[in-house]
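Trainee: Using this note's numbering, the first residue of the sequence shown is number 8, and each one after it goes up by one. Can you keep this structure in mind? I'll have questions shortly.
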Amino acid sequence: MKRFDVSKAEFEISNFTRIIWRTPRDKELWEPRLNRISRLHALTEYEMVRRGYRRAATYHVTLENFPQFIERIQRDGLIFLPIARSAFYSGFSHKHIPPRRGEPYFWYGVIARTEEDARRFKEASGRRDGHLVIGELLGYPSCCTQFFTEVWNAGVYDPLWEVARNDGSPVVEENPWLKTADKLVIYITDPYPEAIQELRYFGIRVTSHIPHSHRCEETRRVGKKWRKVMEDLDPEAVDWLYEILESPIVWDSYHGVVQVHTPWFIGVTQTYPYLDLRRIVVLNDDRIPWDIYV
Ligand SMILES: [Zn+2]
8 MKRFDVSKAE FEISNFTRII WRTPRDKELW EPRLNRISRL HALTEYEMVR RGYRRAATYH
68 VTLENFPQFI ERIQRDGLIF LPIARSAFYS GFSHKHIPPR RGEPYFWYGV IARTEEDARR
128 FKEASGRRDG HLVIGELLGY PSCCTQFFTE VWNAGVYDPL WEVARNDGSP VVEENPWLKT
188 ADKLVIYITD PYPEAIQELR YFGIRVTSHI PHSHRCEETR RVGKKWRKVM EDLDPEAVDW
248 LYEILESPIV WDSYHGVVQV HTPWFIGVTQ TYPYLDLRRI VVLNDDRIPW DIYV
């Protein structure tokens, strides 16, 4: 049996992300909170390098912001090495999009503490086997980088289902109406909040790597450092972030679209196109997840 069950659907839906609020009250309360959480994650990416908790981070910078950005990294004693230009896109993307002639673009590159690390990162990012070096420079646990390299090379660019399978939880075939199974479900019990990436498309995450399992000890250890830095920057947003990550979450992926259900909203975005419905149910507390699954 093949290690990864890869579909043959060869298409990709254009980038988009949408939030569907359950009630007007949820929108009023949580929309500004999601913005704060997402901004905090971006700030923490940078701050983790500045404080020496990781050697490098990826960074996106627009031409308008370039002067202030260069001033800032020089003041902080860091290096920025541009790697590629990308056209602007809405929502979440698994890769950069080369801009057409005359089209506005931003620079994608690496921030590092030393020029040598910046060079190593840039060289590795052009190689198919570069993930291990990149993972090490970004401070990702080696167990997770090895796993990611394996699934990425199998062609799965959004491997959350593979993470859930790797947890060792059984895959349940569910179908209340038909004779053959039409959806595959994995129930995750007691995940570490730092290892939940099911909402990352919407900027809701602690660390920036895909864990090899929802109970990866190394991810938890690294995640505690991220949490500490986040608490220094915006403690209120950290409380909201953990409130979400410690709630029931249902991740539904079907034909290239993923819907992530939470108690306050449903996030929708594009993903890797599986041929059947795959669902990850994160059982986070005593609430029955079907209460949120409407
Ligand atoms: Zn790991």
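Glycine included, each C-beta is placed from N, C-alpha and C at the ideal position. Fair warning: this is a prediction, and the values are worked out from it, not measured in the lab.
Buried or exposed, going by whether 16 or more other CB atoms sit within 10 Å of the CB of residue 164?
Mentor: exposed
Trainee: Between which two residues does the alpha helix (DSSP H) harbouring residue 125 extend?
Mentor: Counting along the chain, residue 125 sits inside the alpha helix (DSSP H) bounded by residues 122 to 132.
Trainee: How big is the Cα-Cα spacing for residue 2 and residue 213?
Mentor: In this structure the chain extends from 8 to 301, so residue 2 is not present and cannot be described.
Trainee: Given 8 Å as the limit, tell me if residue 225 has its C-beta closer than that to any heavy atom belonging to ligand 1.
Mentor: yes
Trainee: When the distance is taken between beta carbons, is residue 120 closer than 9 Å to residue 142?
Mentor: Taking a C-beta distance under 9 Å as the contact criterion, residue 142 and residue 120 do not qualify as a contact pair.
Trainee: Could you round the C-beta distance between residue 218 and residue 253 to whole angstroms and report it? I think they count as a contact, below 8 Å.
Mentor: Between residue 253 and residue 218 the Cβ distance is about 16 Å, and since that is not below 8 Å, they are no contact.
Trainee: Express the C-alpha separation of residue 65 and residue 79 in angstroms, rounding to a whole number.
Mentor: 16 Å
Trainee: Starting from the C-beta of residue 290, find all residues in its chain whose C-beta is less than 7 Å away, skip the five residues before and the five after it, and write them out in chain order.
Mentor: 194, 195, 196, 255 and 296
Trainee: Tell me which residues share the same chain as residue 31 and place their Cβ nearer than 6 Å to its Cβ, disregarding the 5 neighbours each side in the sequence.
Mentor: none
Trainee: Measuring only the C-alpha atoms, how far is residue 234 from residue 285?
Mentor: 30 Å
Trainee: Mind the definition here: the stretch 216 to 230 touches the stretch 50 to 59 only if three or more C-beta pairs lie below 8 Å; say whether that holds.
Mentor: no
Trainee: For residue 202, would you say it is in contact with chain B, using Cβ-to-Cβ distances shorter than 9 Å as the test?
Mentor: No chain B is part of this structure, which consists of one protein chain only.
Trainee: So, are the CB atoms of residue 288 and residue 264 less than 9 Å apart?
Mentor: no
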